[in-house]
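Asker: Starting off with a structure, shown below.
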Amino acid sequence: MGATIMGEDPYLYFTWNVTYGTISPLGINQQGILINGQFPGPEINSTSNNNVIVNVFNNLDEPLLFTWHGVQQRKNSWQDGTLGTQCPILPGTNYTYKFQVKDQIGSFFYYPVVGMQRAAGGFGGLRINSRLLIPVPYADPEDEYWVLIGDWYVKSHKTLQATLDSGRNIGRPDGVHVNGKNDVDGSGKALYTMKPGKTYKYRICNVGLKDSLNFRIQGHPMKLVESEGSHTVQNIYDSLDVHVGQCFSVLVTADKEPKSYYMVASTRFTKKVVTGKAIISYTNGVGPASPIIPLAPVGWAWSLNQFRSFRWNLTASAARPNPQGSYHYGQINITRTIKFVNSVSNVNGKLRYAINGVSHVDTETPLKLAEYYGLSDKVFKYDIIGDVPPTSLDNIKLATNVLNTTFRTFIEIIFENPTKTIQSYNLAGYSFFAVAVEPGTWAPEKRKNYNLLDAISRHTIQVFPKSWAAIMLTFDNAGMWNLRSENAENRYLGQQLYISVLSPERSLRDEYNLPERQLVCGIVKDLPRPTPSYS
1 MGATIMGEDP
11 YLYFTWNVTY
21 GTISPLGINQ
31 QGILINGQFP
41 GPEINSTSNN
51 NVIVNVFNNL
61 DEPLLFTWHG
71 VQQRKNSWQD
81 GTLGTQCPIL
91 PGTNYTYKFQ
101 VKDQIGSFFY
111 YPVVGMQRAA
121 GGFGGLRINS
131 RLLIPVPYAD
141 PEDEYWVLIG
151 DWYVKSHKTL
161 QATLDSGRNI
171 GRPDGVHVNG
181 KNDVDGSGKA
191 LYTMKPGKTY
201 KYRICNVGLK
211 DSLNFRIQGH
221 PMKLVESEGS
231 HTVQNIYDSL
241 DVHVGQCFSV
251 LVTADKEPKS
261 YYMVASTRFT
271 KKVVTGKAII
281 SYTNGVGPAS
291 PIIPLAPVGW
301 AWSLNQFRSF
311 RWNLTASAAR
321 PNPQGSYHYG
331 QINITRTIKF
341 VNSVSNVNGK
351 LRYAINGVSH
361 VDTETPLKLA
371 EYYGLSDKVF
381 KYDIIGDVPP
391 TSLDNIKLAT
401 NVLNTTFRTF
411 IEIIFENPTK
421 TIQSYNLAGY
431 SFFAVAVEPG
441 TWAPEKRKNY
451 NLLDAISRHT
461 IQVFPKSWAA
471 IMLTFDNAGM
481 WNLRSENAEN
491 RYLGQQLYIS
501 VLSPERSLRD
511 EYNLPERQLV
521 CGIVKDLPRP
531 TPSYS
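With the UniProt record's numbering applied, the sequence shown closes on residue 535, and no number is skipped along the way.
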């Protein structure tokens with residue numbers, strides 16, 4: 001009798017040795033976090049449906065976790081790498097992440113999520129290519145280049161964390177880097193080279209801590225082709241505002257005078273503009289980059305208009321073999337509206353940030369573990385905030401903030417920002433439709449201004465000062481998922497929460513059981529593992 005062979009999706013294996021090492025993003029030596037001796041860390045180059053196995057050896061002197069920013073861990077919040085879902089990897093130990101990059105394409109990144117470790121590096125690009133049978137709506141580029149941009153502090157991540165713990169803010173960043181360097185005077189080696197007449201894909205992500213950045217390439221327009229998993233209408237831009245945690249893929253053609261050019265990233269919405277630069281050159285180039293760099297736009301109205309110009313390419317194929325436009329999100333009835341308002345205040349003399357008046361506090365026992373073991377009532381309470389914020393946000397409460405949601409319901413979330421600083425939010429485990437960003441305060445009649453046809457599906461949304469943003473999504477990915485401010489200072493000081501999405505059928509079709517080798521800690525550390533919850 002012949003054996004039946006089940007074809008499994010390919011596996012990609014990575015071994016990461018995480019250490020401290022000397023780095024100098026702003027030309028000053030400081031201690032950073034390296035992966036296999038690299039800063040930024042190694043690329044994860046995957047294709048949709050690949051299984052990714054990353055064995056992380058923690059050789060730091062502190063606990064460690066990596067989160068896979070923007071990657072939808074379908075049915076698998078166990079591997080999301082946040083303190084609400086995983087026990088940290090202790091110093092001198094290792095842990096193996098196992099996840100599948102399912103039904104996604106595009107440019108993403110990873111970073112360490114414990115404390116303020118992101119301020120020390122440890123980040124890198126995560127590429128998800130389209131499967132060969134799914135065409136992309138543009139010709140294959142000559143090559144693909146990562147451009148990881150971000151603001152940077154010369155103080156160590158431990159010093160920054162101690163400052164926040166003492167109740168103070170960390171102030172303004174000292175500079176901006178491009179792939180971990182800043183070529184101030186053009187004396188450095190070219191980061192990338194381009195052949196004349198060829199077209200290249202640049203994968204741009206803001207991996208910084210708090211600042212929106214404007215990115216442009218001297219003398220070269222950029223054709224936007226993808227953003228956070230969505231093929232976009234291919235508009236041409238001279239520059240792009242990339243808010244913290246956001247990614248774009250652009251095509252750039254080498255059709256200018258053969259010489260060197262600057263890539264430029266500069267802070268937006270700050271009194272003092274800080275700039276980072278890197279050089280790209282033509283393979284037959286002669287001559288340095290011009291010292292005259294293109295200016296960034298001024299004001300956030302320009303940025304808002306650029307956001308409105310981003311549209312979903314409805315004729316392109318998605319990661320699945322069906323047109324992107326076949327999902328008519330604008331025709332689904334909303335079953336719940338949740339309004340989140342951020343605030344900042346002092347609690348017991350220390351700075352804290354909050355959502356709907358609650359500043360999140362992490363627990364020793366990961367929330368997902370407590371829930372799985374049936375001990376959630378001993379670790380946290382659900383729904384200590386409501387769907388509508390309190391009338392006064394002057395008083396902030398410190399608590400573990402977990403919102404309960406119903407599986408497969410279609411939800412509208414409003415982010416309202418009454419402060420004078422721009423906000424950026426990421427929802428782990430999901431992509432959502434970014435249907436509106438507008439000044440002022442939200443009201444139900446604002447729905448008439450929503451883009452219900454071709455808003456791009458993405459994972460991180462900015463909220464301008466004194467403004468609001470609206471997103472729509474189906475909570476169809478069971479698990480415990482982190483909704484967080486991408487501003488590292490705000491997140492660390494409580495501007496985050498978790499959303500529990502439970503499958504009522506307790507089916508493996510909806511969520512995976514506790515992985516056999518999952519780390520356990522807190523109150524469940526010495527308990528026998530429960531009978532698998534899902535079957």
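Even glycine gets a Cβ: it sits at the ideal position worked out from N, Cα and C.
For Leu456 versus Thr232, is the C-beta spacing smaller than 7 angstroms?
Answerer: Taking the sequence shown and counting its residues from 1, the one referred to as residue 456 is at position 456. Taking the sequence shown and counting its residues from 1, the one referred to as residue 232 is at position 232. Here the sequence assigns Ile to residue 456, which means Leu is not the residue at that position. Yes, Cβ-Cβ distance for Ile456 and Thr232 is below 7 angstroms.
Asker: Smallest Cα separation from Phe123: which of Leu160, Thr441, Gly180, Val273?
Answerer: Here residue 123 refers to the residue found at position 123 of the sequence shown. Minimum Cα distance to Phe123 is reached at Gly180.
Asker: For Val423, which beta-bridge partners are listed by DSSP?
Answerer: Position 423 of the sequence shown, counted from the first residue, corresponds to residue 423. With the sequence shown as reference, residue 423 is identified as Gln, and Val is not the correct amino acid for it. Partner(s): Val463.
Asker: Tell me which residue opens and which closes the alpha helix (DSSP H) that Gln161 is part of.
Answerer: Counting from 1 along the sequence shown, the entry for residue 161 is found at position 161. Taken as a continuous stretch (DSSP letters only), the alpha helix (DSSP H) holding Gln161 covers 157-165.
Asker: Does DSSP put Ala301 in a helix, a strand or coil?
Answerer: Locating residue 301 in the sequence shown gives position 301, where the first residue counts as 1. Ala301 falls in the helix class under three-state DSSP.
Asker: Would you call Tyr13 buried or exposed, if buried means 16 or more other Cβ atoms sit within 10 Å of its Cβ?
Answerer: By one-based count along the sequence shown, residue 13 stands at place 13. By the neighbour-count rule (16 or more Cβ atoms within 10 Å), Tyr13 is not buried but exposed.
Asker: Where DSSP assigns a beta bridge to Tyr95, which residues make up the other side?
Answerer: Residue mapping note: residue 95 aligns to position 95 of the sequence shown, counting from 1. As DSSP reads the structure, Tyr95 sits in a beta bridge with Val56.
Asker: My output table needs one value for Trp442: the three-state DSSP class, helix, strand or coil.
Answerer: Residue mapping note: residue 442 aligns to position 442 of the sequence shown, counting from 1. Three-state DSSP puts Trp442 in coil, outside helix and strand.
Asker: Quick check on Gln331: buried or exposed, where buried means 16 or more other Cβ atoms within 10 Å of its Cβ?
Answerer: Residue mapping note: residue 331 aligns to position 331 of the sequence shown, counting from 1. Gln331 is exposed by the Cβ-count criterion.
Asker: For Pro100, write down the residues that DSSP places opposite it in a beta bridge.
Answerer: Within the sequence shown, numbered from 1, the residue matching residue 100 stands at position 100. This sequence places Gln at residue 100; Pro is not what is there. Per DSSP, the beta-bridge partners of Gln100 are Asn51.
Asker: Grouping DSSP H, G and I as helix and E and B as strand, with all else coil, what is Tyr20?
Answerer: Position 20 of the sequence shown holds residue 20. Three-state result, Tyr20: strand.
Asker: In its own chain, which residues sit with a C-beta less than 7 angstroms from the C-beta of Thr93, not counting the 5 before and 5 after it?
Answerer: Counted from its first residue, the sequence shown places residue 93 at position 93. Hits under 7 angstroms: Asn58.
Asker: Thinking Tyr261 and Gly219 are a contact (beta carbons under 8 angstroms), I'd like their distance in whole angstroms, please.
Answerer: To locate residue 261, count along the sequence shown from 1; it is residue 261. To locate residue 219, count along the sequence shown from 1; it is residue 219. Indeed, because the Cβ distance is near 6 angstroms, the residues count as touching under 8 angstroms.
Asker: In whole angstroms, give me the CA-to-CA distance for Pro209 and Gln31.
Answerer: By 1-based counting over the sequence shown, the position of residue 209 is 209. By 1-based counting over the sequence shown, the position of residue 31 is 31. The displayed chain sequence assigns Leu, not Pro, to residue 209. The straight-line gap separating the alpha-carbon atoms of Leu209 and Gln31 is approximately 17 angstroms.
Asker: According to the Cβ coordinates, are Tyr498 and Gly84 closer than 7 angstroms?
Answerer: Numbered from 1 along the sequence shown, position 498 holds the residue referred to as residue 498. Numbered from 1 along the sequence shown, position 84 holds the residue referred to as residue 84. A distance below 7 angstroms separates the beta carbons of Tyr498 and Gly84.
Asker: Quick check: the stretch 129-145 against the stretch 161-170, are there 3 or more CB pairs under 8 angstroms?
Answerer: no
Asker: Distance check for Arg447 and Val524, CA to CA, integer angstroms please.
Answerer: Position 524 of the sequence shown, counting from 1, holds the residue named residue 524. Position 447 of the sequence shown, counting from 1, holds the residue named residue 447. Their backbone Cα atoms lie some 45 angstroms apart in a straight line.
Asker: Taking Leu224 as part of the beta strand (DSSP E), name the residues at either end of that continuous run.
Answerer: Your numbering for residue 224 matches position 224 in the sequence shown. Boundaries of the beta strand (DSSP E) harbouring Leu224: 222-227, taken from the DSSP string.
Asker: Closest by CA to Pro141, which one among Val250, Gln496, Ser46, Asp241?
Answerer: Numbered from 1 along the sequence shown, position 141 holds the residue referred to as residue 141. Out of Val250, Gln496, Ser46, Asp241, Val250 has the C-alpha closest to the C-alpha of Pro141.
Asker: Considering only residues of the same chain and omitting the five flanking positions on each side of Asn45, which have a CB-CB separation below 7 angstroms?
Answerer: In the sequence shown, counting from the first residue as 1, residue 45 sits at position 45. Cβ neighbours of Asn45 beyond the five flanking positions: Arg127.
Asker: Using the Cβ count rule (16 or more neighbours within 10 Å means buried), how would you classify Ala3?
Answerer: In the sequence shown, the residue the question calls residue 3 occupies position 3. A caution first: Ala3 carries a pLDDT of 41, below 50, which makes its placement in the model too unreliable to give a value.
Asker: Tell me the rounded alpha-carbon separation between Val347 and Ala318.
Answerer: On the sequence shown, residue 347 is found 347 positions in, with the first residue counted as 1. On the sequence shown, residue 318 is found 318 positions in, with the first residue counted as 1. When rounded, the distance between both Cα atoms is 46 angstroms.
Asker: Given this structure, state the Cα-to-Cα distance separating Leu64 from Gly287, to the nearest angstrom.
Answerer: The residue you call residue 64 lines up with position 64 of the sequence shown. The residue you call residue 287 lines up with position 287 of the sequence shown. Rounded to whole angstroms, Leu64 to Gly287 spans 45 angstroms at the Cα level.
Asker: DSSP three-state label for Met6, please.
Answerer: Working through the sequence shown from its first residue, we reach residue 6 at position 6. Low confidence applies to Met6: its pLDDT is 45, below 50, so where it sits in the model is not reliable enough to give any reading.
Asker: Can at least three beta-carbon pairs, one atom from the stretch 25-39 and one from the stretch 109-123, be found at a separation below 8 angstroms?
Answerer: With the rule of 3 Cβ pairs closer than 8 angstroms, the stretch 25-39 counts as touching the stretch 109-123.
Asker: Looking at the structure shown, is Ser309 part of a helix, part of a strand, or coil, going by DSSP?
Answerer: Against the sequence shown, residue 309 aligns to sequence position 309. DSSP places Ser309 in helix when its eight states are reduced to three.
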